[in-house]
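S.K.:
Numbering (the numbering used here), first residue to last: 17 to 500.
#1: In chain order, what residues of the same chain have a beta carbon less than 7 Å from the beta carbon of residue 259, not counting five sequence neighbours either side?
#2: Where residue 156 and residue 253 are concerned, what is the direct C-alpha to C-alpha distance, given to the nearest angstrom?
#3: Looking only at its own chain, which residues have a Cβ that is under 7 Å from the Cβ of residue 186, when we skip the five neighbours before and after it?
#4: Alpha carbons only, please: which of 301, 63 and 268 is nearest the one belonging to residue 362?
#5: Over what stretch of residues does the alpha helix (DSSP H) that includes residue 374 continue unbroken?
#6: How long is the line joining the alpha carbons of residue 57 and residue 345, rounded to whole angstroms?
#7: Put residue 64 into one of helix, strand or coil per three-state DSSP.
#8: List the residues that DSSP assigns as beta-bridge partners of residue 400.
#9: Mind checking residue 33: buried by the 16 CB within 10 Å criterion, or exposed?
#10: Closer than 8 Å is the cut-off here; do at least three beta carbon pairs connect the segment 164-180 with the segment 135-146?
#11: For residue 191, count neighbouring Cβ atoms within 10 angstroms of its own Cβ and tell me buried if that reaches 16, exposed if not.
#12: Is it buried or exposed for residue 496, if we count other Cβ within 10 angstroms and need 16 for buried?
#13: If you run the structure through DSSP and keep just helix, strand and coil, what is residue 156?
#14: Inspect the CB distances between the segment 263-282 and the segment 381-391 and report whether three or more fall short of 8 Å.
#15: Taking buried to mean at least 16 other C-beta atoms within 10 Å of its own C-beta, is residue 46 buried or exposed?
#16: Could you name the residues that DSSP lists as bridge partners for residue 360?
#17: Which first and last residues belong to the beta strand (DSSP E) in which residue 72 is found?
#18: Sorted by chain position, which residues of the same chain lie with C-beta nearer than 7 Å to residue 90's C-beta, five sequence neighbours on each side aside?
#19: For a test of the three-state rule: what should DSSP assign to residue 118, helix, strand or coil?
#20: Taking 8 Å as the threshold, find out whether the segment 325-342 comes into contact with the segment 351-371 through three or more Cβ pairs.
#21: Among all the DSSP beta bridges, which residues are the ones paired with residue 163?
#22: Given this structure, state the Cα-to-Cα distance separating residue 51 from residue 208, to the nearest angstrom.
#23: For the 8 Å Cβ check, are there 3 or more pairs between the segment 307-320 and the segment 274-286?
#24: CA-CA distance, residue 243 and residue 147?
#25: Taking its Cβ as the centre, do 16 or more other Cβ atoms sit within 10 Å of residue 41, making it buried, or is it exposed?
#26: Keeping to the same chain, check which residues put their C-beta closer than 6 Å to that of residue 101; ignore five residues upstream and five downstream.
#27: Residues in the same chain with beta-carbon distance under 7 Å from residue 292, minus the five sequence neighbours each way, listed in chain order, please.
#28: Quick one: Cα of residue 240 to Cα of residue 233, how far?
#29: Buried or exposed: which applies to residue 55, given that a residue is buried once 16 or more other Cβ atoms fall within 10 Å of its Cβ?
#30: With a CB to CB cut of under 6 Å and the five nearest residues on each side skipped, what residues in its chain are close to residue 237?
#31: Helix, strand or coil, according to DSSP, for residue 188 in the structure here?
#32: How many angstroms separate the CA atom of residue 65 from the CA atom of residue 160?
#33: Does the count of Cβ pairs from the segment 199-216 and the segment 350-361 closer than 8 Å reach three?
#34: Does the segment 291-305 touch the segment 368-385, meaning 3 or more C-beta pairs lie closer than 8 Å?
#35: By how many angstroms is the C-alpha of residue 189 removed from the C-alpha of residue 229?
#36: Per the DSSP calculation, residue 252 is bridged to which residue(s)?
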C-alpha cells in the first residue's frame, strides 16, 4: 500500500503496533534507471523494467488490486547496467511484442526502511519511507512516499495499527502511482487497451471494444504471469480468455467482418490448444490424486500421476517455445488491434443493444438443438456438444449483461450450472478412459489401483448424468424469450 505525505511529515514510532516489535531503521541511497519502448508500452500496461545500483534488474508486472492493497509480481535478475537481461525481456515479451527498450527515466532515492516482527517472531510488515528526486528535465522534482509491504498475510492487526499511526501523523492513502509513473509525469501513456465504460445506450463500436478489451487484457496479463511461473492459475486464466474471445467472435459474427474475425478465431484456437496441452493433464493429475485420497490411499496413485506430470512438463516446455515465437506475438498484436479498432461489416455507430442482443437468442437456439439431440441419444460425445453450446450461450449472455441487465445475468448463472454438470461428466469420461488405458499398460499393482480409480470415475459420470437434466430445466425457465 502506498501513502502520500505532506511536506515536513515526520514518521511516528511504529514499535508495539499490533504487538509487533519494530527493527532498526536501515538507510541507503541508490540510482534507478527505467527502460521502456519509445512509446512507453510497459508503462501503458502498468509494468516496469528497471536497473537499480547495487540491486541489478527488476521487472514488475501489472498489479492486482485487493481492496486497499496492491499485489504486484516482482522478479529480479542479475546483469550489467544498460543491458537488460534476455530473461527479463522474455518475461515482458507479450507487452513488448518485438519493440526494443532503452532508458526513459532516471532518479535517485534516499530510503529509510523498517521491518516489524510479530510476537511469534515472524516478519509481518516492512515500512519504507522513500524520498525520490527525478534526474530528468529542467530542475529537480521530488516525491516523498511511504509504502507498507505486507510480508505475512496473517498480520492484519499489525497492518491496521501501523496504518492508523501513519494516518494520524498526516499520511494519506490515495496516490497509488508507482515511482516510474510519477517520473513519467505528463508523458505517462494511456492504457494500450482501453475498456470503455458503457453508457445505457452505447454504440456497437463501444460495446465490442469493451467486450474484446476485457478478454485481451486478461489474456496478455495471464500470459505474463505464466511466463513468470508465479501463478499456478495463469495457464487456466489464459485459456479461459482465449475461449471467451473465440466464442465472442463467433457470437457477434453477424456484425464483424468475416475474414478478419475468422483469422483471429483460427489463431486463438491454435493458442488454446497449446494451453490445453498443459492444462488438461494438469487437471487430470489433480483429479486422480483426489480420487486416490478418497480411496484412503493417497500415495497409491503416485506412479500414475507421475506419468501425467511428465506430460505436463513436456507440454509446458513446448508452450514456452510457442509463446516466445513470432506467430504467437503476432496473434497478441492482432488481438490488441482488435480491441482498439475492431473491423465491422455494419456501421460501428449503430445501436449496440439492437444489433447484439440477437446473439444470445442464436446461442440459445444452438444449445436447445444440441440438447434435443442429446436427450434422444445421450452419448458422452453428445453431452460434450451440449456443454460447448452452454458455454457459448453463457459467454454471450455475460458479454451483453451490461446492456441486457439482470435477465442476462440470471441466464448466464444457470448456463454455468449446466456447463459445470456436463463438465463433470466430461472430466469423468476422460479420466476413466485414461485410467483404463493406463491399467492395460501397467504392472499388476498399478493396474489394480488404476482399476479402482476408474471405478470411482464411472460413479462420478453416473452422478453427473443425473444432475444435468435438472440444470437444463432451470435454464429453460429463464430462456431469452422470457426476458422482458
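Ideal Cβ positions, reconstructed from N, Cα and C, are used throughout, including at glycine.
M.R.: With the structure as the only source:
#1: 288
#2: 43 Å
#3: 21, 22 and 25
#4: 268
#5: 374-392
#6: Their backbone Cα atoms lie some 14 Å apart in a straight line.
#7: strand
#8: Answer is none; residue 400 lacks a bridge partner.
#9: Residue 33 counts as buried, since at least 16 other C-beta atoms from the protein chains shown sit within 10 angstroms of its C-beta.
#10: yes
#11: exposed
#12: buried
#13: coil
#14: Touching, no.
#15: Note on residue 46: under 16 other CB atoms within 10 angstroms of its CB, so exposed under the neighbour-count rule.
#16: 272
#17: 72-76
#18: 74 and 76
#19: strand
#20: no
#21: 18 and 144
#22: Rounded to the nearest angstrom, the two C-alpha atoms are 17 Å apart.
#23: Taking 8 Å as the limit for Cβ pairs, the verdict is that the segment 274-286 does not touch the segment 307-320.
#24: 33 Å
#25: exposed
#26: 73, 93 and 95
#27: 255
#28: Rounded to whole angstroms, residue 240 to residue 233 spans 11 Å at the Cα level.
#29: exposed
#30: 78
#31: strand
#32: 21 Å
#33: yes
#34: no
#35: 29 Å
#36: DSSP lists no partner for residue 252.
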